[in-house]
Amino acid sequence: MSNYALFRSFPAMSDALPRAVLAELPTPVEKLDGLAADNVYVKRDDQTAPYYGGNKVRKLELLLGRAEADGVKTVITFGAAGSNHALATAICARRLGMDCVSMLVPQVNARSVRRNLLMGMKSGAELHHYGGRRGVALGLIRVQIKRRLRDGRAPMIIPPGGSSALGAAAFVNAAFELKEQADAGLLPQPDCIYAASGTMGTVVGLLLGVCAAGLPTRIVAVRVTSPPYTSPEKARKLFAETNALLCAADPAFPRVPFPEDRFELRDDFLGPGYAVYTPESVAAVQRARDCAGLRLEGTYTGKAFAALLADAASGAIRDRTALFWNTYNGRDLAPEVEGLDYRALPGAFHRYFEEPVQPLDT
Ligand SMILES: Cc1ncc(COP(=O)(O)O)c(C=O)c1O
């Protein structure tokens, strides 16, 4: 019997979707006490794996599972300088004996950027920093040619955030996992799930998953990026692509029209932009730590939790069961990178260590 919830419901899928076992599933669900609302739970995806947690490990099980099955030697991925996704890809690729090349672009400075860069270096990733999209496009051609010559085969390209249909399918599984936990009485069926939306794979996978698994849940996608990374059009497109992938993997999987009434895209917690901490996100990080011992951060989970706290305070989720999906890695990387010298990184990254971090990152 598979320990992947989606494969228990659709056994034919396990052949079409090879999984590299990187996560320890299911992740726990816990009740959150001490908030303004009574029925708030948390899905502990910060604990997806003991070596590195967070939402990306789920996606990488299917993305790198496909890479492994295809005999890929190098994966190339993209993100901002402090990308959790790029770091997760480096760590997981190395565990599976693959190389990772990360093509990164500028972002607002934070201590987490420094930690992630050092940890990426320690994980053996080849890190490149480009000024923008044009630089990435040209750099990609160069890296692809070099790796093809070296590996004797093409590298696999993993999109930003791992949010292809295959990556999102891992969050369809996550919704089936949640349904099993609700069936087992670990929590009531949630009325709503709050999660950060960066590249949309998490929220769109969950949306398709709750529909297919028969949960009555609405997804509250808290925007932490601007279009094209998060947009209603992107949600529809990725939803349809993920649905098509799963129907092709097992024709018994249902075809689901995009459920407009069960998807809410929240724009009110982004603040000035991606990776800029806001007073609300900083306060939410503090509240999560003080009330529940959760370790959140200001770019993604702080903003999503701030939305939940605001709805709890306004009474919008009174008499409802709300689930906060904790997508941030829970493992403290500080001891791992202590003593590492940033000057071993390519010169373009040094400024993240030499310039101050943003004022709200205290
Ligand atoms: C901690 C954290 N939460 C949430 C997200 C957003 O997930 P997604 O890119 O699937 O929208 C990311 C990644 O971008 C992340 O690193």
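Numbering-wise, this note's numbering comes out as the position in the sequence shown, counting from 1, plus 2.
Even glycine gets a Cβ: it sits at the ideal position worked out from N, Cα and C.
| Asked | Found |
| --- | --- |
| Are the beta-carbon atoms belonging to L347 and L119 less than 8 Å from one another? | yes |
| Using a Cβ-Cβ distance under 8 Å, would T79 count as near chain C? | The structure shown contains no chain C; it is built from a single protein chain. |
| For a test of your reading of the model: does the CB of V103 fall under 7 Å from any non-hydrogen atom of ligand 1? Yes or no. | no |
| Between T280 and ligand 1, is the CB less than 7 Å from at least one heavy atom? | no |
| Excluding five sequence neighbours on each side, which residues of the same chain lie with their C-beta closer than 7 Å to the C-beta of A95? | L66, V77, D101 and C102 |
| So for F326, helix, strand or coil by DSSP? | strand |
| Within its chain, find whatever has a CB closer than 7 Å to the CB of V59; leave out the 5 residues flanking it on each side and keep chain order. | L24, A25, T50, A51, A90 and C94 |
| Pull up the distance between the alpha-carbon of V358 and that of H130, whole angstroms please. | Position check: residue 358 holds Pro in this sequence, whereas Val was assumed. Straight-line Cα distance between these residues: approximately 21 Å. |
| Return the residue from the list V339, D153, I159 and R155 that minimises the CA-CA distance to L142. | I159 |
| Taking C-alpha atoms, which residue in E32, A22, D17 and P162 lies nearest to A294? | E32 |
| Pick helix, strand or coil for S16, following the three-state DSSP scheme. | helix |
| Just verifying my parser: in three-state terms, what is the DSSP assignment at V103? | strand |
| Closest by CA to G332, which one among S114, R155, V226 and M123? | S114 |
| At a threshold of 7 Å, does A237 count as lining ligand 1 (C-beta to nearest heavy atom)? | no |
| Could you tell me if the beta carbon of N86 falls within a distance shorter than 7 Å of some heavy atom in ligand 1? | yes |
| Taking contact to mean 3 or more Cβ pairs, one atom from each stretch, closer than 8 Å, check whether the segment 257 to 275 and the segment 144 to 159 are in contact. | no |
| With a floor of 4 residues, list each alpha helix (DSSP H) that falls wholly inside the segment 100 to 167, ordered by position along the chain. | 113 to 124 and 135 to 153 |
| Could you tell me the distance, in whole angstroms, from the CA atom of N111 to the CA atom of A186? | 43 Å |
| Check S4 in the structure and name its three-state DSSP category. | coil |
| For D270 and P230, I'd like the C-alpha separation in whole angstroms. | 17 Å |
| Which residues does DSSP pair with F265 in a beta bridge? | I221 |
| Do you know how far the Cα of P192 is from the Cα of V284? | 26 Å |
| Between N57 and ligand 1, is the CB less than 7 Å from at least one heavy atom? | yes |
| Following a CB-centred definition, is S199 positioned closer than 7 Å to any heavy atom of ligand 1? | yes |
| Do A197 and A223 have their C-beta atoms within less than 8 Å of each other? | yes |
| For V74 and L248, I'd like the C-alpha separation in whole angstroms. | 23 Å |
| Does DSSP put I195 in a helix, in a strand, or in coil? | strand |
| So, for A170: in the same chain, excluding its five sequence neighbours on each side, which residues have a beta-carbon less than 7 Å away from its beta-carbon? | G203, V206, G207, L240 and T244 |
| Is N5 buried or exposed, if buried means 16 or more other CB atoms sit within 10 Å of its CB? | exposed |
| Quick check on DSSP: helix, strand or coil for Y43? | strand |
| Shortest alpha-carbon distance to V258 belongs to which of V174, I319 and T323? | V174 |
| Could you check where the alpha helix (DSSP H) with G211 kicks off and where it finishes? | G203 to A215 |
| Could you check how far apart the C-beta atoms of R21 and L62 are, in whole angstroms? I think they sit under 8 Å. | With a Cβ gap of about 10 Å, R21 and L62 do not count as contacting. |
| Cβ atoms of G122 and A82: under 8 Å apart, would you say? | no |
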